[in-house]
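Each residue of the sequence shown is one higher than the last, beginning at -19 in my numbering. All C-beta atoms in this analysis are idealised placements derived from N, C-alpha and C, irrespective of residue type, glycine included. No experiment lies behind these values; they were computed from the predicted model shown. Below is one structure; the comments refer to it alone.
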Amino acid sequence: MSAVSLRLPEELAERLDRLSRKTGRSKSFYMLEAIRERIEDLEDWYLAEERMIAHREGRSKSYTQSEMEHEFGLADRVRPASPKRAA
């Protein structure tokens, strides 16, 4: 595992320290968890952005629900009625 140096704002460092003491887990554990979660979110965001740009530039195709149902053999299935909303 690689070592990384990180400067935290005092308020955030204090919060991290309190959490660490309260739970008995290391500060490194929480920093790693926070980074792991945020990186996953960012990867998803940038992938979605790339796909959106490709679609806008005509480099990818989109499909209607009917086209997808037909493609996967679901076109002949009867859809259940939508539940009525209370007024």
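Cα-Cα separation between residue i and residue j, rounded to whole angstroms
{"i": "Arg16", "j": "Val(-16)", "result": "14 Å"}
{"i": "Phe52", "j": "Ser46", "result": "10 Å"}
{"i": "Arg(-13)", "j": "Ala(-7)", "result": "9 Å"}
{"i": "Pro63", "j": "Ser(-18)", "result": "54 Å"}
{"i": "Glu30", "j": "Glu23", "result": "11 Å"}
Chain-order list of residues whose beta-carbon lies under 7 Å from that of residue i (same chain, five-residue window excluded)
{"i": "Ala34", "result": "Ser40"}
{"i": "Leu(-1)", "result": "Tyr10"}
Boundaries of the alpha helix (DSSP H) in which residue i is found, first to last residue
{"i": "Phe44", "result": "Looking at the sequence itself, residue 44 is Thr, so the reference to Phe does not match. Taken as a continuous stretch (DSSP letters only), Thr44 belongs to no alpha helix (DSSP H), as it is neither H nor E."}
{"i": "Met11", "result": "7 to 36"}
{"i": "Ala(-7)", "result": "-10 to 3"}
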